[in-house]
Each structure stands twice: as structure tokens, then as C-alpha cells.
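Here's the structure we're looking at; comments come further down.
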Amino acid sequence: MTAARTTGAAHTADGGEVPEDRTAADSGPPRGSARAAAHDTVAAVVRQWRTVRPDIDTRPMEIIGRVNRCAALLQQAEDAPLRHAGLTKPEFDVLGTLRRTDHELTPGELARETFSSGAAVTKRLKHLGERGLVERRGDDRDRRVAHVRLTDAGRELVDSLLPEQLAYESAALSGLDEARQDELAGILGELLIQLEGRLGGPRG
Numbered sequence: 001m002t003a004a005r006t007t008g009a010a011h012t013a014d015g016g017e018v019p020e021d022r023t024a025a026d027s028g029p030p031r032g033s034a035r036a037a038a039h040d041t042v043a044a045v046v047r048q049w050r051t052v053r054p055d056i057d058t059r060p061m062e063i064i065g066r067v068n069r070c071a072a073l074l075q076q077a078e079d080a081p082l083r084h085a086g087l088t089k090p091e092f093d094v095l096g097t098l099r100r101t102d103h104e105l106t107p108g109e110l111a112r113e114t115f116s117s118g119a120a121v122t123k124r125l126k127h128l129g130e131r132g133l134v135e136r137r138g139d140d141r142d143r144r145v146a147h148v149r150l151t152d153a154g155r156e157l158v159d160s161l162l163p164e165q166l167a168y169e170s171a172a173l174s175g176l177d178e179a180r181q182d183e184l185a186g187i188l189g190e191l192l193i194q195l196e197g198r199l200g201g202p203r204g
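Each residue of the sequence shown is one higher than the last, beginning at 1 in the UniProt record's numbering.
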């Protein structure tokens, strides 16, 4: 049932009446390739907003809401193997950064690489150091600077966890074929570049 039929004739922000065909289209399921998502949780929220506020454009909600919901669900999948290892996702990000760069990094460099604050990285390094997964050494020329590297135990842990984590992620994306995954990666990459240019910064 369209918004016009449940609330009377819809109106625009300036008080004009919205044409019935436009109202019906706006109140219907997502268009084009998004039609398959007509029954997801975000679609239900969007339909409710269109009913009570048919004058607003819900397209940003349809995108951002789904990105946020997917991120939350994917995070659960990613966290499963990490919980078994007693790690948080941010801690694994630190270990993974040291592994992929394959050399020592300062806490400041780790903060930039993981989009985190310096205080957050310091806390993570303390916990990882207590577990024997990373070790720090002082700089030969500046005592204020520390250099962090993986221990053998830290390297082995990352190498054992990464395939398992990627398997979880692959399973989560298995409903999309490779072409759709490539298309999605490209679109998200474009959006990320735009957002990082305007909103990028430490995430905590």
C-alpha cells in the first residue's frame, strides 16, 4: 500500500500535492538491481519513513543504512576467530599491520596505518606486549621514540588466523558471484576515496 493511500494525498515540502504516480513509485520497493533488497531490514525502515514523511528523499538512508547494517553483520563474522584467540579486532589490526608491512613501526605509524588515536594504540600495544605477541625497543638516537615489531609468537598467530578470517569473509560474500563482488568493491572504493578526502581521521 502506498503512502498516499494510507495517509491521504502526499505533499511536497512547499505544500504542493505530490502526483499519485510519483508517490506510488517512492513508496514502492527499491528500484533496479536493488529490487532484491525489498524485504531487508533497512527496506522496512525506509517504508515506514516514507509513510510518515513522504516529502523526504530516503535514498541516502537506503545506502548508508545498508552499509552500516552490513558492516555490523560482517564484523560479527570477522570477530569469531579472533574471539577464540582472545583478541579484539583493533588488536588484530595492529598485529596485521606489523605483519603486512614486515618491518618495525613506531606507535605513531601504527596509529596512522590503523586509523586509530595514539592513546588507543598505546593501550593495545600494552596488552599485546603482555601476551608476548609484540616487543618494543628504544630508538638509538631518541629515547622518546619506540619501535615495535612482532615476536615469533605474534607472527605465527597472525599467519594462523588470517586464512580462517578470510574464510569467514568469503562465506559471508558467497551469495554474490565474482563479477558482483568486483562491482561492489569498485563502488565502495569510489565512495571511500571521497569520504576519506572529506571526513578521514582517527577513529579511536
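We put the beta carbon where it would ideally sit given N, CA and C, even for glycine.
Residues that residue i bridges to, as DSSP identifies them
i      : result
His147 : Arg137
Leu105 : Val148
Beta-carbon gap between residue i and residue j smaller than 8 Å
i      : j      : result
Ala44  : Glu169 : no
Leu98  : Arg137 : no
Thr58  : Arg50  : yes
Leu128 : Leu95  : yes
Ala71  : Leu157 : no
Gln181 : Leu173 : yes
Glu62  : Val52  : no
CA-to-CA distance, residue j to residue i, given in whole angstroms
i      : j      : result
Val67  : Gly175 : 16 Å
His103 : Arg131 : 20 Å
Ala24  : Pro60  : Residue confidence is low: Ala24 scores 38 on pLDDT, short of 50, so the model does not pin down where it sits. Its coordinate-derived value is still stated next. The straight-line gap from Cα to Cα measures roughly 19 Å.
Asp26  : Leu73  : Low local confidence applies: a pLDDT of 43 at Asp26 is under 50, so the model's placement there is unreliable, with the coordinate-based value given in what follows. Spanning the two alpha carbons is a distance of roughly 28 Å.
Ala80  : Glu178 : 24 Å
Ile56  : His39  : 21 Å
Lys89  : Gln165 : 11 Å
Gln194 : Ile64  : 14 Å
Arg198 : Leu191 : 11 Å
Thr101 : Pro54  : 50 Å
Arg141 : Gly154 : 27 Å
Leu82  : Thr151 : 18 Å
Ala171 : Leu87  : 21 Å
Glu109 : Gly186 : 27 Å
Glu91  : Gly118 : 13 Å
Arg69  : Arg144 : 42 Å
Ala13  : Gln48  : Residue placement at Ala13 is flagged as unreliable, the pLDDT there being 40, under the threshold of 50; the coordinate-derived value follows with that caveat. In a straight line, the C-alpha of Ala13 is about 18 Å away from that of Gln48.
Ala111 : Glu183 : 30 Å
Glu196 : Leu105 : 23 Å
Ala120 : Ala167 : 28 Å
Gln75  : Glu135 : 28 Å
Inter-residue CB distance, residue i and residue j (contact presumed, cutoff 8 Å)
i      : j      : result
Pro107 : Leu133 : The pair is not a contact, with the Cβ atoms about 15 Å apart (cut-off 8 Å).
Thr122 : Asp93  : The Cβ separation is near 14 Å, so there is no contact.
Asp139 : His147 : 6 Å
First through last residue of the alpha helix (DSSP H) which encompasses residue i
i      : result
Ala77  : Arg59 to His84
Arg198 : Glu178 to Leu199
His127 : Gly118 to Glu130
Thr41  : Thr41 to Val52
beta-carbon residue i near the ligand MG non-hydrogen atom, thresh 7 Å
i      : result
Asp177 : In terms of ligand content, the structure shown is empty, and the ligand MG therefore cannot be addressed.
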